[in-house]
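Here's the structure, in structure tokens; my notes come after.
Numbering (the UniProt record's numbering), first residue to last: 1 to 618.
This is the structure:
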């Protein structure tokens, strides 16, 4: 049984061995390593696979074809990195060590749910759940021991009180239920008396302009264009504008033309298969508002997808706008899939990954530096406190009176006088008078010394208070600075986002998506056939109140919603204000006289008609 890391490494090695048509890698030939592309997989009948590859020269032009063995081919880049594989494994499984696939996923791909032979001695299936045999035996033994101990304790008390043994346990002969340790799988959670009052989950809105089965592609295409807008030289547009543009029947809509042109330019710059196809047709590299459909048809011929090739006739006639939303989004989806394989997009992704790693290293470095300073301050305070203790002990050993050295001579004189008085009784009275006068002087000095001590102590306390206040101010400022740095690093990480991940899932495996450029929270059903969205702050509050934290999925979803709640609520409030302004403008347009009716472009609902690509390449 493998850990998550070992399993991801194993899958990576397996994917590196299994090559596919179109894979770009390096091939060994004549003691050299040359870039190549797999054209065909050849079976030689012996069990070893051979591959027909095209050796690539400058600008990825095919120089010659060759047949190479699998060991002679080396990956240029791994098809998937470990992080993506780990995320995929977590989403596809409901249990780790041993790894168990979701039942619906196994049924969809025809994967057997029977236990392997090597695991049947350790595990068994009970009620659709995988149970460990050894743990179950331990629990049964523990329950038996508990019952045996209970006979000498509780049952004896029951006998003494009622004169009869505990009849309920004898009849049922069942051990007491152990307390459930939460969180557990959401479908196993049962309502309890200590549960808070959960609100009813609000039903999401479903008023989309495009068909329901197109929502996933719509969001994917828009999110890609928004995330890589700088690389594509494509001015960002809102999701509503993109949705309205897809449904519009105009064949040369600027937003649609610029989106296709930006993706096609990426493929042309890559000097790959599409670029070669254009060179064979002697197309110009500049795409215009008139010729963009020709480049789209060339792309559809290259990929040769039956469903999309049937649209070529309509596009060539100049009626692209008459295509249904499914076909339009299908073309854009295929363009994005091919753009993701280009060096331009992959290079951008590599840069983003490196920048995120550098930011992470900076954050860790600052945290370690702060921890080191804190340790040094603690050690310094500890050393100072030890020094004060040593000083106090030395003061106590010499005496509590700080003027002991001054009075030493006086005490010595008194001792000498006492000795001399014993030798000569004639001077006794004089010596006693002198001693009394010196005691009087000492008593006169003591109030002055006390006053000096009080003033010194007051000054020291004032200095301590000032230093304490200064330290508090410094600590407060440093804390604010650290919080600002944390927020800065969060913003920088979000700017370098590589992919949009769902916030989480609820108990029924419905996925929740939040796109920071839109603000709404989208809900995708477990089978990806139904979509909805929440567009109000009150709906998000009701959603969070309906989640049960005893379940694993809903607890994780609740934590993510709480983490992004300030930003989500801010975006939704901003969206509500913009929507109110749009409605007010629409009403103002409707109230105008028919003689001075505003043109369609002034209507906020038709804002997509005014789109201009400000980042367009010359």
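C-beta: ideal position from N, C-alpha, C; glycine also. From a predicted model like this one, the values you see are computed outputs, not experimental measurements.
Alpha-carbon spacing of residue 53 relative to residue 29, whole angstroms = Here residue 53 refers to the residue found at position 53 when the chain shown is read from its first residue. Here residue 29 refers to the residue found at position 29 when the chain shown is read from its first residue. Spanning the two alpha carbons is a distance of roughly 11 Å.
Selected residue, minimal CA-CA separation from residue 503, among 496, 562, 476, 491 | Residue 503 sits at position 503 when you count from the first residue of the chain shown. Per the Cα distances, 562.
With DSSP collapsed to three states, give me the class of residue 409.
-> Locating residue 409 in the chain shown gives position 409, counting from the first residue. The predicted position of residue 409 is uncertain, since its pLDDT is 44 and thus under 50; no value can be drawn from it.
Is it a yes or a no for the segment 517-529 touching the segment 569-584, going by three-plus beta-carbon pairs under 8 Å?
-> yes
By DSSP, does residue 565 sit in helix, in strand, or in coil?
-> Position 565 of the chain shown, counted from the first residue, corresponds to residue 565. Helix, per DSSP.
Is it true that the CB of residue 325 sits closer than 8 Å to the CB of residue 247?
-> What you label residue 247 is simply residue 247 of the chain shown in a count that begins at 1. What you label residue 325 is simply residue 325 of the chain shown in a count that begins at 1. Yes, they are a contact pair.
Just grab the DSSP bridge partners of residue 38 for me.
-> The sequence position of residue 38 within the chain shown is 38, counting from 1. Per DSSP, 53.
Curious, which full-length alpha helix (DSSP H) runs of at least 4 residues does the segment 55-136 contain?
-> 82-92, 103-108
Measure the alpha-carbon distance for residue 374 versus residue 359 and round it to whole angstroms.
-> Position 374 of the chain shown, counted from the first residue, corresponds to residue 374. Position 359 of the chain shown, counted from the first residue, corresponds to residue 359. The alpha-carbon atoms of residue 374 and residue 359 are separated by roughly 23 Å.
Quick one, are the C-beta atoms of residue 283 and residue 295 less than 8 Å apart?
-> For the purposes of this step, residue 283 is taken as the residue at position 283 of the chain shown. For the purposes of this step, residue 295 is taken as the residue at position 295 of the chain shown. A contact, by the Cβ cut-off of 8 Å.
Beta-carbon proximity check, residue 270 vs residue 350, cutoff 8 Å | As a position in the chain shown, residue 270 is number 270, starting the count at 1. As a position in the chain shown, residue 350 is number 350, starting the count at 1. Cβ distance not < 8 Å, so residue 270 and residue 350 don't count as in contact.
Contact under 8 Å by Cβ, residue 646 with residue 539 | This structure does not reach residue 646, given that the chain is present from 1 up to 618, and the question cannot be answered.
Kindly identify the DSSP beta-bridge partner or partners of residue 261.
-> Your numbering for residue 261 matches position 261 in the chain shown. According to DSSP, residue 261 bridges with nothing at all.
Bridge partners of residue 504, per DSSP?
-> For the purposes of this step, residue 504 is taken as residue 504 along the chain shown, with counting starting at 1. 512.
Could you give the DSSP three-state label for residue 617: helix, strand or coil?
-> Looking up residue 617 in the chain shown gives position 617. Three-state result, residue 617: coil.
Buried versus exposed call for residue 20 [16 or more other C-beta atoms within 10 Å across all chains shown] = Your numbering for residue 20 matches position 20 in the chain shown. Its Cβ having fewer than 16 others within 10 Å, residue 20 is exposed.
Distance CB(residue 470)-CB(residue 235) smaller than 8 Å | Position 470 of the chain shown holds residue 470. Position 235 of the chain shown holds residue 235. Taking 8 Å as the Cβ cut-off, residue 470 and residue 235 do not qualify as a contacting pair.
Quick one: measure Cβ to Cβ for residue 3 and residue 97, integer angstroms, because I've assumed they're closer than 8 Å.
-> As a working mapping, residue 3 is identified with position 3 in the chain shown. As a working mapping, residue 97 is identified with position 97 in the chain shown. Their Cβ separation, rounded to whole angstroms, is 7 Å, which keeps residue 3 and residue 97 in contact under 8 Å.
Three-way DSSP call (helix, strand, coil) for residue 424 in this model = By 1-based counting over the chain shown, the position of residue 424 is 424. Unreliable positioning characterises residue 424 in this predicted model, as indicated by a pLDDT of 44, which lies under 50. The coordinate reading is nonetheless provided below. Three-state DSSP puts residue 424 in coil, outside helix and strand.
Check whether the Cβ atoms of residue 255 and residue 564 lie closer than 8 Å to each other.
-> Looking up residue 255 in the chain shown gives position 255. Looking up residue 564 in the chain shown gives position 564. No, the pair does not count as a contact, with Cβ atoms beyond the cut-off.
Which class does residue 20 belong to by DSSP, given the choice of helix, strand or coil?
-> The residue given as residue 20 occupies position 20 in the chain shown. It is coil, neither helix nor strand.
Taking the C-alpha atoms as reference points, what is the distance between residue 541 and residue 291?
-> To locate residue 541, count along the chain shown from 1; it is residue 541. To locate residue 291, count along the chain shown from 1; it is residue 291. Their Cα atoms are separated by approximately 50 Å.
Residue 409 to residue 474, Cα distance in whole Å?
-> Counted from its first residue, the chain shown places residue 409 at position 409. Counted from its first residue, the chain shown places residue 474 at position 474. Only weak support is given to the placement of residue 409: the predicted model assigns it a pLDDT of 44, under 50, and the question is left unresolved by the model.
Would you mind listing the alpha helix (DSSP H) stretches within the UniProt domain "DDT" (212-273) that are 4+ residues and don't spill past its ends, in chain order?
-> 215-227, 229-232, 239-247, 254-269
Between which two residues does the beta strand (DSSP E) containing residue 523 stretch?
-> Position 523 of the chain shown, counted from the start, is the residue given in the question as residue 523. Per DSSP, residue 523 belongs to the beta strand (DSSP E) from 521-524.
Bounding residues of the alpha helix (DSSP H) (the contiguous stretch that carries residue 295) | What you label residue 295 is simply residue 295 of the chain shown in a count that begins at 1. Residue 295 -> alpha helix (DSSP H) spans 292-303.
Limits of the unbroken alpha helix (DSSP H) element including residue 330 = Along the chain shown, one-based indexing puts residue 330 at 330. Its alpha helix (DSSP H) spans residues 325-339.
Run through DSSP, which three-state label would residue 192 get?
-> One-based indexing of the chain shown puts residue 192 at position 192. Three-state result, residue 192: coil.
With a 10 Å radius around its C-beta and 16 neighbouring C-beta atoms as the bar for buried, classify residue 619 as buried or exposed.
-> Residue coverage of the chain in this structure runs from 1 to 618, which leaves residue 619 outside it and unanswerable.
Buried or exposed by the 16-neighbour rule on C-beta atoms within 10 Å, applied to residue 611 = Translated into the one-based positions of the chain shown, residue 611 becomes position 611. Buried: at least 16 other Cβ atoms inside 10 Å.
Rounded distance between the beta-carbons of residue 281 and residue 297, thought under 8 Å = Within the chain shown, numbered from 1, the residue matching residue 297 stands at position 297. Within the chain shown, numbered from 1, the residue matching residue 281 stands at position 281. 10 Å between Cβ atoms; not a contact.
Alpha carbon to alpha carbon, how far is residue 212 from residue 370?
-> In the chain shown, residue 212 corresponds to position 212, counting from 1. In the chain shown, residue 370 corresponds to position 370, counting from 1. Their Cα atoms are separated by approximately 52 Å.
Return the first residue and the last residue of the beta strand (DSSP E) that residue 532 is part of.
-> If you number the chain shown from 1, residue 532 lands on position 532. Start and end: 531-534.
Between the CA atoms of residue 510 and residue 528 - distance to the nearest angstrom | By 1-based counting over the chain shown, the position of residue 528 is 528. By 1-based counting over the chain shown, the position of residue 510 is 510. When rounded, the distance between both Cα atoms is 9 Å.
Leaving aside the five residues before and after residue 496 along the sequence, list all residues of the same chain whose C-beta is less than 7 Å from its C-beta, in chain order.
-> Here residue 496 corresponds to residue number 496 of the chain shown, with the count starting at 1. Taken in chain order, the residues that qualify are 352, 355, 356.
Which value, in whole angstroms, describes the spacing of the CA atoms of residue 311 and residue 301?
-> Here residue 311 corresponds to residue number 311 of the chain shown, with the count starting at 1. Here residue 301 corresponds to residue number 301 of the chain shown, with the count starting at 1. Taking the straight line joining both Cα atoms gives about 11 Å.
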